[in-house]
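Working notes, structure below.
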DNA sequence: CAAGTTGTGGGAAGCGCTTTCTCGACGACG
DNA sequence: CGTCGTCGAGAAAGCGCTTCCCACAACTTG
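Dropping the structure here:
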């Protein structure tokens with residue numbers, strides 16, 4: 019087509035520029051567009067072997083690859099799932115993302131990803147943008163403050179999206195009345211508290227995220243419950259709030275140290291990245307984490323096995339969260355038939371225990 | 019439309035089901051489809067303020083969101099960039115992904131992501147699938163073995179994609195003659211070797227990935243160069259090959275320890291996740307990493323600041339890699355005008371030095 | 001053997017958009 | 001006052017597909 023016409027031109031397809039269309043394939047195979055379409059996608063209609071073969075060969079010869087956008091507009095439905103996370107580089111979210119991507123792959127869906135950077139306004143805007151894609155599913159991970167004023171608009175937007183046939187799944191943020199993969203944060207933290215008291219700790223401090231962060235709040239509440247039941251002590255002044263990130267954990271711990279530990283034996287950070295930051299802060303101040311002051315986290319992100327001291331934490335099956343979110347979205351039922359995701363306390367060296 | 023017609027129904031739009039189309043907006047605004055289209059996207063044509071206003075209001079009232087698939091098919095071009103990584107949960111790739119997503123955001127592009135799981139066949143298949151999306155850009159991160167038999171098919175596929183107007187960018191895998199964001203692995207490793215010899219180390223071992231992995235090979239070669247220039251010693255028997263992952267690092271180190279260190283003072287792992295695994299292996303065997311045997315890595319993934327001992331490594335600006343990959347794809351030039359990405363040696367406690 | 005059934009190919013409408021082209025309205029100019 | 005330009009709205013032709021519908025042939029039936 020594009021070559022000058024003179025000269026030997028064997029592989030005609032490689033000299034073309036635009037990708038082959040179904041039209042090209044049909045022409046090449048000497049059949050109608052309809053027949054070509056029916057052969058190259060799982061239509062219910064049968065196509066005689068003779069034709070089918072010709073179409074398949076033509077498609078291979080032209081290196082045909084169906085235009086997904088065109089299919090989407092013709093079919094009125096896409097094969098896309100949109101995933102919103104706070105921060106892709108955060109191991110918590112990247113593990114979840116890995117699960118979503120893996121599950122999507124088995125369902126022959128394509129994942130598009132965006133990062134909210136923990137900014138509620140950005141999140142809202144991203145949801146709006148991504149709606150344009152008409153994804154089959156939208157998965158939102160990472161809780162937003164319940165106090166946020168744009169929360170209503172977000173819900174409204176998600177509802178509108180659902181009304182138009184989309185499926186929304188939230189991961190670990192049940193504040194909205196939408197499909198949710200629930201993590202039993204409360205029970206997990208409670209179990210952790212019990213175990214820690216069991217190995218001898220009595221005086222605790224907590225480093226958590228901003229007020230209104232549901233996940234963080236549940237974990238702290240659960241922890242409190244566990245302590246209350248077993249006689250552990252957590253004073254209000256020993257609950258520190260900071261950013262829900264590694265650096266937040268660092269500076270929260272720093273603040274605690276500067277003020278003076280005042281008998282605190284163990285610091286519970288509401289997630290692992292914060293705990294990791296806290297560990298570094300302890301070390302930087304010349305103390306030995308684990309022995310001088312114990313630390314526990316939540317999530318069991320992959321790296322905490324490898325830090326020293328290895329971190330005591332509550333395991334959340336993060337990749338599984340991603341898998342479940344997508345399965346839930348694709349399921350017929352509204353509710354999560356599998357129930358809340360169970361967690362498991364993992365004691366490691368960062369809480370060696372105290373013998374009394 | 020769907021409601022029974024009786025009763026007060028104020029916000030008409032929320033009761034609809036299908037998302038509003040441009041057609042709906044045009045009708046609502048009392049203008050033609052063309053005018054609506056021109057107002058709602060940056061066309062070159064002017065639309066009179068009066069009409070413009072009516073369209074904008076109608077769009078807002080109907081909560082109109084343009085169907086990206088339809089736009090793509092009408093315009094013959096999408097706003098998508100496809101990103102292929104080996105493993106999303108790996109901090110190396112998730113950092114790169116974060117960079118790509120951030121850069122895509124500023125360019126108003128949408129990122130779709132897939133994981134090859136380090137399987138060359140899968141990679142090829144994913145490229146084929148993703149071509150159907152007609153992405154503007156495809157970014158492939160994570161090197162594949164140069165020895166892989168499907169390599170030719172991959173290149174052919176990518177070439178075909180480029181011929182049809184797409185842009186391909188590879189990250190740190192220059193084996194193919196395609197646009198590439200190059201990391202100066204060789205120079206980085208060389209500088210690392212020099213510094214390590216400078217602080218007293220003489221006998222080295224290396225844990226690296228499978229033969230044929232370009233990135234790994236460059237790092238090892240550079241390391242060798244640096245040693246050769248400064249009198250460090252690396253025996254062939256002390257080069258261990260294993261998987262290019264955390265667990266590969268662990269088992270590689272394990273193998274080295276079981277065989278006996280035989281005077282090796284420092285182990286260089288070809289990437290940080292391997293180094294982290296090696297550190298754990300050392301610890302698990304009862305030795306003290308850093309003091310009994312030093313360890314160095316490569317990449318400077320975020321977590322290595324927080325492990326103990328903090329890991330000596332070569333910093334690669336991972337997020338920046340993602341940014342540059344997309345910028346390069348979108349640039350007019352073929353070559354990377356910014357030159358190879360520079361690295362920087364970061365000495366930390368895992369290599370305290372040896373005084374002689 | 002006429003009158004249904006089935007099975008399968010192809011024509012054409014249509015999905016939601018963009019963009020070319022047509023054409024009327026209006027102002028400037030000689 | 002007639003003629004040209006220019007501006008800008010709208011009709012309509014696509015973009016690459018899917019799918020409804022019709023046509024026709026080959027079979028069944030009673």
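Protein chains in written order, with this note's numbering: chain P, 19 to 374; chain E, 19 to 374.
Quick reminder that beta carbons are idealized off the backbone N, C-alpha and C, glycines included.
Computed from a prediction, not measured in an experiment: that's the story for all the values here.
> Between residue 364 of chain P and chain E, is there a C-beta pair that is closer than 8 Å?
Replying inline: Here residue 364 of chain P refers to the residue found at position 346 of the first chain. Nearest CB-CB separation between residue 364 of chain P and chain E: not below the 8 Å threshold.
> Is it the case that the Cβ atoms of residue 150 of chain P and residue 182 of chain E are separated by a distance below 8 Å?
Replying inline: Here residue 150 of chain P refers to the residue found at position 132 of the first chain. Here residue 182 of chain E refers to the residue found at position 164 of the second chain. In this structure, residue 182 of chain E does not lie closer than 8 Å to residue 150 of chain P by Cβ.
> Can you list, in chain order, the residues of the stretch 64–97 of chain P whose Cβ is nearer than 7 Å to any Cβ on chain E?
Replying inline: Listed in sequence order: 81, 83, 84, 85, 86, 87, 88, 90, 91, 96.
> Which residues in the same chain as residue 231 of chain E place their Cβ atom closer than 7 Å to its Cβ, once the five residues preceding and following it in sequence are excluded?
Replying inline: On the second chain, residue 231 of chain E is found 213 positions in, with the first residue counted as 1. Counting only Cβ-Cβ distances below 7 Å, and skipping sequence neighbours, we find 161, 163, 262.
> Does the Cβ of residue 203 of chain P have 16 or more other Cβ atoms within 10 Å, making it buried, or fewer, making it exposed?
Replying inline: On the first chain, residue 203 of chain P is found 185 positions in, with the first residue counted as 1. Within 10 angstroms of the beta-carbon of residue 203 of chain P lie 16 or more other beta-carbons, which makes it buried.
> Using a C-beta to C-beta distance shorter than 8 Å, which residues of chain P count as neighbours of residue 105 of chain E?
Replying inline: As a first step, residue 105 of chain E is located in the second chain; it is residue number 87 there, counting from the start. Residues of chain P with a Cβ closer than 8 Å to the Cβ of residue 105 of chain E are, in chain order, 116.
> Can you name the start and end residues of the beta strand (DSSP E) that residue 130 of chain E belongs to?
Replying inline: As a first step, residue 130 of chain E must be located in the second chain, where it is residue number 112. That run of the beta strand (DSSP E) goes 128–133.
> Three or more C-beta pairs closer than 8 Å, one from the stretch 112–130 of chain P and one from the stretch 325–345 of chain P: is that the case here?
Replying inline: Of all C-beta pairs linking the stretch 112–130 of chain P to the stretch 325–345 of chain P, three or more are shorter than 8 Å, placing the two stretches in contact.
> Near residue 122 of chain P, which residues of its chain fall below 8 Å by C-beta distance, leaving aside the five closest residues on each side in sequence?
Replying inline: Locating residue 122 of chain P in the first chain gives position 104, counting from the first residue. Correct list, in chain order: 99, 128, 129, 344.
>> At a CB distance below 8 Å, what residues from the stretch 298–324 of chain P approach chain E? Give them in sequence order.
In response: For the stretch 298–324 of chain P, which is checked against every Cβ of chain E, the residues closer than 8 Å are 298, 301, 320, 321, 323, 324.
> Any heavy atom of the ligand FMN within a distance shorter than 7 Å of the CB on residue 120 of chain E?
Replying inline: Absent from the structure shown: the ligand FMN. Ligands present: none.
>> By alpha-carbon positions, which one of E:228, E:281, E:254, E:312 ends up nearest to residue 217 of chain E?
In response: Residue numbering aside, residue 217 of chain E sits at position 199 when the second chain is read from its first letter. Relative to residue 217 of chain E, the option among E:228, E:281, E:254, E:312 whose CA is nearest is E:312.
>> Any C-beta of chain P within less than 8 Å: which residues of the stretch 44–62 of chain E qualify?
In response: Residues: none.
>> Between the alpha carbons of residue 258 of chain E and residue 224 of chain E, how many angstroms are there, rounded?
In response: For the purposes of this step, residue 258 of chain E is taken as the residue at position 240 of the second chain. For the purposes of this step, residue 224 of chain E is taken as the residue at position 206 of the second chain. C-alpha separation (whole angstroms): 6 Å.
>> How far does the beta strand (DSSP E) with residue 253 of chain P in it extend, from its first residue to its last?
In response: Here residue 253 of chain P corresponds to residue number 235 of the first chain, with the count starting at 1. First-last of the beta strand (DSSP E) with residue 253 of chain P: 251–259.
>> Please confirm whether residue 37 of chain P has its beta-carbon closer than 8 Å to some beta-carbon of chain E.
In response: Reading the first chain from its first residue, position 19 is the one you call residue 37 of chain P. Judged by the 8 Å Cβ criterion, residue 37 of chain P is in contact with chain E.
> How many angstroms separate the CA atom of residue 70 of chain P from the CA atom of residue 79 of chain P?
Replying inline: Mapped onto the first chain, residue 70 of chain P falls at position 52. Mapped onto the first chain, residue 79 of chain P falls at position 61. Approximately 14 Å, taken between the alpha carbons.
>> I'd like to know if the stretch 245–259 of chain E and the stretch 312–331 of chain E are in contact, where contact means that at least 3 CB-CB pairs between them fall below 8 Å.
In response: Touching, no, given that fewer than three Cβ pairs across the two stretches are closer than 8 Å.
> Name the chain E residues whose beta carbon is nearer than 7 Å to that of residue 171 of chain P?
Replying inline: By 1-based counting over the first chain, the position of residue 171 of chain P is 153. Per Cβ cutoff of 7 Å: no residues; residue 171 of chain P is ~11 Å from chain E at best.
> If you scan the stretch 243–312 of chain P from start to end, which runs of the alpha helix (DSSP H) of 4 or more residues do you find wholly inside it?
Replying inline: 264–277, 290–302, all fully within the stretch 243–312 of chain P.
>> Below 8 Å on the Cβ atoms is my contact criterion, and I expect residue 333 of chain P with residue 364 of chain P to pass it. Report the Cβ-Cβ distance as a whole number of Å.
In response: Start at 1 with the first residue of the first chain, and residue 333 of chain P comes out as number 315. Start at 1 with the first residue of the first chain, and residue 364 of chain P comes out as number 346. The C-beta separation of residue 333 of chain P from residue 364 of chain P comes to about 5 Å, placing the pair in contact by the 8 Å criterion.
> What's the C-alpha gap between residue 309 of chain P and residue 331 of chain P?
Replying inline: On the first chain, residue 309 of chain P is found 291 positions in, with the first residue counted as 1. On the first chain, residue 331 of chain P is found 313 positions in, with the first residue counted as 1. Approximately 17 Å between the Cα atoms of the pair.
>> Any beta carbon from chain P within less than 8 Å of residue 369 of chain E's own beta carbon?
In response: Locating residue 369 of chain E in the second chain gives position 351, counting from the first residue. No, residue 369 of chain E lies away from the interface with chain P (no Cβ there is under 8 Å from its Cβ).
>> As an exercise, report each continuous beta strand (DSSP E) stretch of at least 3 residues that is fully enclosed by the stretch 63–110 of chain E, in chain order.
In response: Fully enclosed beta strand (DSSP E) runs of 3 or longer: 98–103.
> With burial defined as no fewer than 16 other Cβ atoms inside 10 Å of the residue's Cβ, what is the status of residue 372 of chain E: buried or exposed?
Replying inline: The sequence position of residue 372 of chain E within the second chain is 354, counting from 1. Burial is judged here by how many other beta carbons sit within 10 angstroms of a residue's own beta carbon; residue 372 of chain E has fewer than 16 and is exposed.
> Along chain P, in chain order, which residues have C-beta atoms closer than 8 Å to that of residue 128 of chain E?
Replying inline: Taking the second chain and counting its residues from 1, the one referred to as residue 128 of chain E is at position 110. Contact annotation for residue 128 of chain E against chain P: 130, 132, 147, 148, 151 [CB-CB distance below 8 Å, chain order].
> If we cut at 8 Å on Cβ distances, does residue 109 of chain P have a partner in chain E?
Replying inline: To locate residue 109 of chain P, count along the first chain from 1; it is residue 91. Yes - at least one Cβ of chain E is within 8 Å of the one on residue 109 of chain P.
> Using DSSP with H/G/I as helix, E/B as strand and the rest coil, what is residue 147 of chain P?
Replying inline: Residue mapping note: residue 147 of chain P aligns to position 129 of the first chain, counting from 1. Correct three-state label for residue 147 of chain P: helix.
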